[in-house]
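Residue numbers (our numbering), protein chains in the order written: chain A, 1 to 249; chain B, 1001 to 1249.
Yeah, the Cβ is synthetic: ideal placement off N, Cα and C, and Gly gets one too.
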DNA sequence: ATGATGATTTTTGTATACAGGCTCATTCCT
DNA sequence: AGGAATGAGCCTGTATACAAAAATCATCAT
């Protein structure tokens, strides 16, 4: 009953996973809190089997932690954990970029990325960037990073990049919305775009070290955004999974 | 019935996971072959629920691949995939070493690693290394690498290192047994031990770049072992999951 | 008042039954 | 003879029932 049209064809497991993930990310469950399967069943509106499946998937995603005596609890992250997760993602993207550069790519491969680049250019051209433009940037940025990983042409590398980007706050666009309220917003986006441009240039010129280095630095932009957002004490509601980040001790 | 004493207390899920993993790694299932749950139930001797759980876990481990229409198949890897997986592992271990170096460690932290070092020294001292000594090396080497990851004191980094090492042929000791039959065997072990020594030295001296670089190079030793083993066309039976590696096209 | 112990109650782990979908083989039509 | 359609069998996804283990609460003893 009350099943939404949009979710009608997907499996119960996926539906439960989406529902529970959303619940965790919006703070419906407190970090450290044990997730009762029965409770999850009520929320998701499916039976225990797909709920259990969803919990396992969310654990591998990094949002949940297995309790030794059984069951799962919501994971909590220190600010340091978040910064390290970003560093891990940057390291993996650096590897992807380096391999792409070392192994060479055709102009045909980088074409869709250049398209992304151009579209982002348009978005950040005006002096004042609208909230909607930030949203559009998030999608475009995610696409750019996905394409970059694929440029490595290495399934194992792509897989690991994806896993490193799974945590909402570690993902390439994790803190973009958070910075939308910051005065430094446009500046950071301009710098990020410069990074995008450089990594493509480096890859096309087969400069592996340069490509790797710029992607690592690029990820650290997200780290800087986090620190700025924390210091400003305002835009944190805009960062996904902010509720999972426990106050620094 | 016929339940082994050693496996009596573990959960059915873990038992199924161990059984199926072993079956895959020893070639009981061919790469690309669909794993029937019913068939897995017979093999593991438990019901479908824990089998299904085990299959999901083996998928995240990287041994299985989900089939879009449902179910799982045994994953197959090209030689390039294996080499890339090793590179991923080396990159993550490099990150762990760099962070350890940059953030500093106490002598108390590196003490157990120095113990490992000393024990390995004893093992590889004789000119001829026995098969048993190789086995002992595998355990000691695994312990050293685990300790190194922990030196980063970063749960996200440790987690990602572990995931990168999960594939048998990507693990730090993946190709050690394979090289036991190689003439270059002792030489490689001596060089590997030198790497171990250097990474500790670098970390203690807070030389982040050096620590990172040496761990990357250290992982490439495994890559070299693979190539040697493939060329020699003999010791491949000793490498775990060799059956998953499809002949290079 | 505090700690321990035991019973109750909830929760998770496991097994199994059922239904829908997919695969494959057979057959029929062109 | 080749291809498409149809049907049967099997397989996976889901729900639910049952049992064992864990957590909680109350009661009793110190």
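Closest by C-alpha distance to residue i, when choosing among the options
i	options	result
residue 1180(B)	1032(B), 1203(B), 1225(B), 1094(B)	1225(B)
residue 1211(B)	1151(B), 1024(B), 1018(B)	1151(B)
residue 1076(B)	1013(B), 1042(B), 1056(B), 1030(B)	1030(B)
residue 144(A)	104(A), 128(A), 167(A), 196(A)	196(A)
residue 1083(B)	1138(B), 1040(B), 1172(B), 1056(B)	1172(B)
residue 1136(B)	1068(B), 1146(B), 1122(B)	1122(B)
residue 185(A)	162(A), 15(A), 130(A)	130(A)
residue 73(A)	134(A), 64(A), 38(A)	64(A)
residue 1227(B)	1080(B), 1111(B), 1042(B), 1041(B)	1080(B)
residue 25(A)	68(A), 167(A), 188(A)	167(A)
residue 1062(B)	1111(B), 1103(B), 1085(B), 1099(B)	1085(B)
residue 1258(B)	1154(B), 1162(B), 1223(B)	Because chain B spans 1001 through 1249 in this model, residue 1258(B) falls outside it and cannot be assessed.
residue 190(A)	124(A), 23(A), 214(A)	124(A)
residue 1155(B)	1198(B), 1215(B), 1099(B), 1110(B)	1099(B)
Beta carbon of residue i nearer than 8 Å to that of residue j
i	j	result
residue 78(A)	residue 231(A)	no
residue 54(A)	residue 207(A)	no
residue 203(A)	residue 97(A)	yes
residue 34(A)	residue 90(A)	no
residue 229(A)	residue 175(A)	yes
residue 93(A)	residue 182(A)	no
residue 57(A)	residue 17(A)	yes
residue 1119(B)	residue 1140(B)	yes
residue 1157(B)	residue 88(A)	yes
residue 1178(B)	residue 1221(B)	no
residue 243(A)	residue 32(A)	no
C-alpha distance - residue i paired with residue j, whole-angstrom precision
i	j	result
residue 1160(B)	residue 164(A)	8 Å
residue 1117(B)	residue 1241(B)	28 Å
residue 1238(B)	residue 1218(B)	21 Å
residue 108(A)	residue 114(A)	10 Å
residue 1050(B)	residue 44(A)	22 Å
residue 128(A)	residue 200(A)	27 Å
residue 36(A)	residue 48(A)	10 Å
residue 1205(B)	residue 1106(B)	11 Å
residue 1021(B)	residue 1146(B)	22 Å
residue 1006(B)	residue 1041(B)	Note on residue 1006(B): pLDDT 41, under 50, position unreliable in the model; no value is reported.
residue 103(A)	residue 1052(B)	39 Å
residue 1015(B)	residue 1068(B)	26 Å
residue 2(A)	residue 39(A)	Caution is warranted here: a pLDDT of 38 is assigned to residue 2(A), below 50, making its placement in the model unreliable, and no coordinate value can be reported.
residue 126(A)	residue 134(A)	12 Å
DSSP state of residue i mapped onto helix, strand, coil
i	result
residue 1065(B)	strand
residue 1051(B)	helix
residue 1008(B)	With a pLDDT of only 49 at residue 1008(B), under 50, the local geometry of the prediction cannot be trusted, and no value is derived from it.
residue 34(A)	strand
residue 1124(B)	coil
residue 1224(B)	helix
residue 1245(B)	strand
residue 1144(B)	helix
residue 131(A)	helix
residue 74(A)	strand
residue 90(A)	helix
residue 1026(B)	coil
residue 112(A)	helix
residue 167(A)	coil
residue 1194(B)	helix
residue 39(A)	helix
residue 1184(B)	coil
residue 231(A)	helix
residue 979(B)	This structure cannot speak to residue 979(B), because chain B is shown only from 1001 to 1249.
residue 1154(B)	coil
residue 204(A)	helix
residue 1173(B)	coil
residue 1239(B)	coil
residue 138(A)	helix
residue 14(A)	helix
residue 46(A)	coil
Chain-ordered neighbours of residue i on chain B, where CB pairs are closer than 7 Å
i	result
residue 84(A)	1154, 1156, 1157
residue 60(A)	1060
Where residue i meets chain A, residues with beta-carbon distance less than 9 Å
i	result
residue 1053(B)	52, 53, 56
residue 1081(B)	154, 155, 156
Cβ-heavy atom distance, residue i to the ligand HEM, below 7 Å
i	result
residue 1120(B)	Within the structure as shown, the ligand HEM is missing, as the structure has no ligands at all.
Chain A residues whose Cβ lies nearer than 7 Å to that of residue i
i	result
residue 1109(B)	The premise fails here: residue 1109(B) is roughly 17 Å from chain A at the closest Cβ pair, so nothing lies under 7 Å.
Per-residue contacts from residue i into chain B (C-beta, under 8 Å)
i	result
residue 88(A)	1092, 1095, 1156, 1157, 1160
Beta-carbon neighbours of residue i, restricted to chain A and to distances below 8 Å
i	result
residue 1163(B)	160, 163
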